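Just so we're aligned, residue 4 is where the sequence shown starts under the numbering used here, counting upward by one.
Notes follow the structure.
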Amino acid sequence: MKNKWLAFAVDALLVLIFVGIGRSSHAEGLAGTFLTAVPFLLGLCIVWILPMVRNMPFNILPAGLSVWLGTAALGHLLRLFFGGTSALSFFIVTLGVLGVFLVGWRALWLLIDRRRQRVDG
């Protein structure tokens, strides 16, 4: 089932999990989770406008790479625009975690899909 809305929902959920993990690791409450997530979710939405993401959302290249780097970069830029902070260490952590999350689920999907095709074929 290759539904682009499913792929978008997985991406959005993983961005929220990333924000939730970050907020909890700093002993911050859930109240600010939404405010922290907004720039990254907006970045995700902007990247999803790109046809190369919308048309092939389950592919690692170019979709996964674009979603990962675009969400991280735009999320941090929007965070600064909205008056937040963006330390280099936070950007590096963001790149690492979102890379594992947003590219990782696509890699797992690809492995499962290929295995399923071999079994069915």
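All residues carry an ideal CB built from backbone N, CA and C; glycine is no exception.
Computed from a predicted structure; not experimentally measured.
Locate the alpha helix (DSSP H) running through P54, then write down its first and last residues.
Here residue 54 corresponds to residue number 51 of the sequence shown, with the count starting at 1. 54-57 is the extent of the alpha helix (DSSP H) around P54.
Closest to D14 by CA distance: which of A34, H29, V50 is it?
Within the sequence shown, residue 14 is the residue found at index 11, counting from 1. Of A34, H29, V50, the residue nearest in Cα terms is V50.
Can you tell which of F11, G25, L9, N6 has its C-alpha closest to the C-alpha of L98?
By 1-based counting over the sequence shown, the position of residue 98 is 95. When F11, G25, L9, N6 are compared, the shortest CA-CA separation from L98 is found for G25.
Between which two residues does the alpha helix (DSSP H) containing V41 stretch?
Locating residue 41 in the sequence shown gives position 38, counting from the first residue. Counting along the chain, the alpha helix (DSSP H) containing V41 begins and ends at 36-51.
Below 8 Å, how does it come out for the segment 65-76 and the segment 98-117: are there three or more Cβ pairs, yes or no?
yes
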